[in-house]
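Numbering (the working numbering), first residue to last: 179 to 407. Even for Gly, the Cβ is constructed at its ideal location relative to N, Cα and C. As the structure is a prediction and not an experimental result, all values here were calculated from the model.
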Ligand code: ATP
Ligand code: MG
């Protein structure tokens, strides 16, 4: 019996999961990570581009271009979808506001998960109303090469994880929110920064991004003539 069938069998509601990001551009690291999470949790993962990402320089590609690249990237992968809801909100795209919006739509009982890479998770205490995030969703943390390890986390983050950690993904379907689950995925040292830098150096980042996304970038003239970051 797979995780979703086991969940139904126990009378639990299947999990819904989102992975936010800047996706400037989407790359194989995002896609493989999201696919492995989708399979491990037996969910469809919704990739959700931020309109105005907090805490970082603004993207080089427009929101419409980043959305288009995501749609091209997931077109042939049934486990992955794109959710453009943050693009219809003006101002900074705070995850807590998105989760509040999802709760208003889906109610208080539906189990929700926010999937983040380990680098993003280490910075969680800097996110807007970060403790509220745990009241609204579970957090699934994916390993990422070069990211901070638990030993590097702030004491306040460690304290939260200590009592929220769960080891069986089925537990994520038993409650609406509040657990932290670490999922081991194939480590891929790929970043959008490296992809943008590759373009800036006049190289073509073959096999770091899907060929459809590369063709779109070339057609749009994106990431050209920009100094390496
Ligand atoms: P940038 O270099 O511009 O910051 P990025 O590659 O980190 O780009 P983001 O859009 O910032 O991509 O990341 C969105 C989410 O995907 C974050 O939670 C991030 O941790 C996760 N992520 C990105 N790349 C990987 C990867 N290679 N492995 C695991 N998680 C990843
Ligand atoms: Mg990043």
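| said: According to DSSP, residue 402 sits in a beta bridge with which residue or residues? | reply: For residue 402, which the question treats as bridged, DSSP gives no partner whatsoever.
| query | At a cut-off of 7 Å, is residue 201 close to the ligand ATP when judged by its beta-carbon and the heavy atoms of the ligand? | reply | Checking the Cβ of residue 201 against the ligand ATP gives yes.
| task | Using beta-carbon positions only, say whether residue 212 and residue 225 come within less than 8 Å of one another. | result | Yes. Within cutoff.
| message | With a threshold of 7 Å on Cβ separation, who are the neighbours of residue 257 within its own chain once the five nearest residues in sequence on each side are excluded? | response | If we look at residue 257 and ignore the five residues flanking it on each side, its Cβ neighbours are 213, 216, 217, 222, 223.
| query | Is there at least one non-hydrogen atom of the ligand ATP closer than 7 Å to the beta-carbon of residue 217? | reply | No, the ligand ATP has no heavy atom inside 7 Å of this Cβ.
| message | If we require 4 or more residues per run, which alpha helix (DSSP H) segments fall completely within the segment 284-358? | response | For the alpha helix (DSSP H) assignment, the uninterrupted runs of no fewer than 4 residues enclosed by the segment 284-358 are, from N- to C-terminal side, 296-300, 308-314, 333-342.
| Complete runs of the alpha helix (DSSP H) confined to the segment 192-268 [at least 4 residues] | Here the runs fully enclosed are 206-219, 241-252.
| field | Bounding residues of the alpha helix (DSSP H) (the contiguous stretch that carries residue 376) | value | Segment 370-378, the alpha helix (DSSP H) holding residue 376.
| Of the listed residues 324, 277, 209, 354, nearest to residue 247 (C-alpha basis) | Nearest of 324, 277, 209, 354 to residue 247, Cα basis: 209.
| request: Have a look at residue 245 and residue 227 and give me their C-alpha separation to the nearest angstrom. | output: When rounded, the separation of the alpha-carbon atoms in residue 245 and residue 227 is 7 Å.
| field | Residues of its chain near residue 369, where Cβ-Cβ distance is below 7 Å and the 5 sequence neighbours each way are ignored | value | Residues of the same chain with a CB within less than 7 Å of the CB of residue 369, apart from the 5 flanking positions on each side, are 207 in chain order.
| query | If you drop the 5 nearest sequence neighbours on each side, which residues of the same chain put their C-beta closer than 7 Å to that of residue 331? | reply | Hits under 7 Å: 300.
| Would you call the CB atoms of residue 163 and residue 205 closer than 8 Å? | In the structure as shown, the chain starts at 179 and stops at 407, and residue 163 therefore has no counterpart that could be examined.
| said: So for residue 363, helix, strand or coil by DSSP? | reply: Residue 363: coil per DSSP, three-state reduction.
| query | Pairing CB atoms from the segment 256-270 with CB atoms from the segment 286-304, are three or more of them under 8 Å? | reply | By the criterion of at least three beta-carbon pairs nearer than 8 Å, the segment 256-270 is not in contact with the segment 286-304.
| query | Are the CB atoms of residue 289 and residue 351 nearer to each other than 8 Å? | reply | Closer than 8 Å, so yes.
| field | Distance between residue 291 and residue 253 (C-alpha atoms, nearest Å) | value | So the two alpha carbons sit approximately 23 Å from each other.
| request: Leaving aside the five residues before and after residue 250 along the sequence, list all residues of the same chain whose C-beta is less than 8 Å from its C-beta, in chain order. | output: 388, 390, 391, 394.
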